[in-house]
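Just add 8 to the spot in the sequence shown (first one is 1) and you have my numbering. Okay, structure first, notes after.
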Amino acid sequence: MLVGLAILCSRVVATILAVFNVFWRFPRLSGATDQGETAERLREARGGNACESPLPLASVVVESYSLPAVTLPRLRSSWLERAWLGSAGVGFSGLLMAVVGCGTSPEANTEAKFEPLSCRALPSTCGVNQDESCCVSFKVPGGAFNRSNDPMFPAEIADFSLDKYEVTVGRFRKFVDSYDAWRAAGHPGLGEGSHPLINGTGWDPGLENELPATAESLRGVVKCDAIFQAWSDAPAEHEQRAMNCIDSLEAFAFCLWDGARLPTEAEWNYAAAGGDEQRSYPWGEAAPNSDAMLAVYGCSFLDSSCKTLANSEVGSLPRGFGRYGHADLAGGVFEWNLDYYAAYGSEPCVNCANTTPSAYRSIRGGYFGTQGPRLATSYRSPHVPDNHIDYIGIRCARDLKP
Numbered sequence: 009m010l011v012g013l014a015i016l017c018s019r020v021v022a023t024i025l026a027v028f029n030v031f032w033r034f035p036r037l038s039g040a041t042d043q044g045e046t047a048e049r050l051r052e053a054r055g056g057n058a059c060e061s062p063l064p065l066a067s068v069v070v071e072s073y074s075l076p077a078v079t080l081p082r083l084r085s086s087w088l089e090r091a092w093l094g095s096a097g098v099g100f101s102g103l104l105m106a107v108v109g110c111g112t113s114p115e116a117n118t119e120a121k122f123e124p125l126s127c128r129a130l131p132s133t134c135g136v137n138q139d140e141s142c143c144v145s146f147k148v149p150g151g152a153f154n155r156s157n158d159p160m161f162p163a164e165i166a167d168f169s170l171d172k173y174e175v176t177v178g179r180f181r182k183f184v185d186s187y188d189a190w191r192a193a194g195h196p197g198l199g200e201g202s203h204p205l206i207n208g209t210g211w212d213p214g215l216e217n218e219l220p221a222t223a224e225s226l227r228g229v230v231k232c233d234a235i236f237q238a239w240s241d242a243p244a245e246h247e248q249r250a251m252n253c254i255d256s257l258e259a260f261a262f263c264l265w266d267g268a269r270l271p272t273e274a275e276w277n278y279a280a281a282g283g284d285e286q287r288s289y290p291w292g293e294a295a296p297n298s299d300a301m302l303a304v305y306g307c308s309f310l311d312s313s314c315k316t317l318a319n320s321e322v323g324s325l326p327r328g329f330g331r332y333g334h335a336d337l338a339g340g341v342f343e344w345n346l347d348y349y350a351a352y353g354s355e356p357c358v359n360c361a362n363t364t365p366s367a368y369r370s371i372r373g374g375y376f377g378t379q380g381p382r383l384a385t386s387y388r389s390p391h392v393p394d395n396h397i398d399y400i401g402i403r404c405a406r407d408l409k410p
């Protein structure tokens, strides 16, 4: 009884302090006009990600029906806070997500440890706080799901790892710097870059002449658009931007050089849809509409917003992260898949990939100029495999070590 009374009293006191904070003493994140701006102001105030947990500021933004945004008093380390929040059945992170609209938080992600060549001696400058390795790779636990959220096309996927971020300019620069020596050593070789469970997915030497012969020629082909290309011959201010202007074979070559491979379309779709959660979007069910905090998308080619969005750095919108912790699975740039594009077949898909050559490869994920429906995890698109264009990039998959 005494414990219950103490908890009740603690809640009353905390509420009084919060109201007191509104009108008198504690600073507020005022002036926000919507949830997206509120989240952005919170991010600025805490110097990082509005959706990360726990909050180092020991405060959280809440909204009232008639009052402006409020910052709760600093009670993180006290028994009073633990009693109040515990009795309410929520923690700071849960309350923040409910109010600011962070969507479903990623599950506890298991980082798979690799040593990619593209991140050797590369500064850890990716993510919201620009302090994370650009080569972080998260395990995706296998399971069953419906491709494109259609029960007519079930699939089973084995465990694999998928890079958290799209390949950045900085990572691709490492590849270009190594390209001549790598090619001179006989790479890519027969079968390199293959999926361990799918025959016929490795490098075909018959495609040798389809790759740029030298690093110099590679630098030339990735400068595909004076306005929107990510590449610059010398390191510049956008080294954390997603690399674009890469055709499908160059994407394949980069991943195998980096100790990885391209994901199959089914693997990519599984990760984006959150496996058996069958998410409509990587972050959940909410359509993005005009919410610029979920994905880099929706610019008009008639205004300057496209250039701004195209220069967005990878992992800058944590509210849009997927179930397994991956960034930018919707928007930013489309991503090459391993598969040739074709309509789904009626045969069972168990770690499947379409390896029958055709005029198109599969790309997924939408890009900075995409409108909302193309961000859906069900959206598929074909693309000419040898085309260098400013809205397609790369994300690599990796095989888990026994």
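Here a beta-carbon is modelled for each residue, glycine too, at the ideal position from N, C-alpha and C.
Which two residues bound the contiguous alpha helix (DSSP H) that contains residue i?
i	result
Tyr-278	273-280
Ser-227	Note that residue 227 is Arg in the sequence shown here, rather than Ser. Here the alpha helix (DSSP H) through Arg-227 covers 223-229.
Leu-257	256-265
Leu-317	313-318
If we call anything under 8 Å between Cβ atoms a contact, is residue i one with residue j?
i	j	result
Phe-376	Leu-317	yes
Leu-226	Lys-182	no
Pro-271	Leu-346	yes
Tyr-387	Tyr-368	no
Ala-120	Arg-331	no
Gly-374	Phe-342	yes
Cys-253	Trp-265	no
Cys-404	Val-184	no
Gly-292	Gly-135	no
Cys-142	Gly-178	yes
Glu-247	Leu-219	no
I need the boundaries of the beta strand (DSSP E) containing residue i, first residue and last residue.
i	result
Tyr-187	Taken as a continuous stretch (DSSP letters only), Tyr-187 belongs to no beta strand (DSSP E), being part of the alpha helix (DSSP H) at 177-192.
Leu-416	Residue numbering for the chain in the displayed model covers 9 to 410; residue 416 lies beyond these limits and cannot be assessed.
Lys-147	145-148
Ser-389	389-391
Ala-152	151-154
Ile-165	162-165
Arg-372	369-372
Asp-347	342-348
Measure the beta-carbon distance from residue i to residue j and round it to whole angstroms, keeping in mind my assumption that it falls under 8 Å.
i	j	result
Thr-364	Ala-281	With a Cβ gap of about 24 Å, Thr-364 and Ala-281 do not count as contacting.
Ala-335	Tyr-173	6 Å
Gly-380	Gly-283	Incorrect: roughly 23 Å between the Cβ atoms, too far for contact.
Arg-249	Asn-319	6 Å
Should residue i go down as buried or exposed, given a rule of 16 or more other Cβ atoms within 10 Å for buried?
i	result
Ile-235	exposed
Cys-110	Since pLDDT at Cys-110 reaches only 45, below the 50 mark, its modelled position is unreliable, and the value read off the structure follows with that caveat. Result: buried.
Gly-39	Model confidence at Gly-39 stands at a pLDDT of 34, short of 50, so the residue's coordinates are unreliable and nothing is read from them.
Arg-421	Since the first residue shown for the chain is 9 and the last is 410, residue 421 is missing from the structure and cannot be characterised.
Thr-222	exposed
Ile-400	buried
Phe-411	Within the shown structure, residues of the chain are numbered from 9 to 410, placing residue 411 beyond reach of any answer.
Pro-290	buried
Ala-338	buried
Pro-196	buried
Pro-296	buried
Leu-383	buried
With 8 Å as the threshold, decide whether the Cβ of residue i is near any Cβ in chain C.
i	result
Ala-223	This model lacks chain C altogether; it includes just one protein chain.
Output the distance between the C-alpha atoms of residue i and residue j, rounded to the nearest integer angstrom.
i	j	result
Ala-268	Asp-311	38 Å
Ile-402	Thr-118	21 Å
Glu-123	Ser-202	18 Å
Gly-333	Pro-410	22 Å
Phe-146	Glu-164	19 Å
Ser-366	Met-251	25 Å
Asn-362	Glu-355	12 Å
Val-144	Asp-171	6 Å
Tyr-352	Ala-242	43 Å
Asp-212	Pro-204	16 Å
Ser-372	Trp-344	Note that residue 372 is Arg in the sequence shown, not Ser. Between Arg-372 and Trp-344, the C-alpha separation is close to 7 Å.
Pro-390	Ser-370	5 Å
Phe-161	Asp-188	43 Å
Ser-186	Glu-224	11 Å
Asn-395	Val-304	22 Å
Pro-149	Leu-215	33 Å
Lys-231	Asn-154	38 Å
Glu-200	Asn-359	18 Å
Asn-157	Asp-398	28 Å
Gly-340	Thr-209	27 Å
Asn-207	Arg-287	30 Å
Glu-275	Ala-261	19 Å
Ala-350	Asn-277	15 Å
Met-105	Trp-190	For Met-105, the pLDDT reaches just 36, beneath the cut-off of 50, and the residue's location in the model is therefore unreliable, although a value from the coordinates is still provided. Rounded to the nearest angstrom, the two C-alpha atoms are 47 Å apart.
Ser-169	Asp-233	32 Å
Arg-49	Leu-325	Confidence at Arg-49 is low in this model, with a pLDDT of 38, below 50, so its placement is unreliable and the value that follows should be read with caution. Spanning the two alpha carbons is a distance of roughly 14 Å.
Gly-228	Ala-152	42 Å
Phe-180	Ala-244	13 Å
Glu-321	Glu-140	13 Å
Ser-256	Ala-192	21 Å
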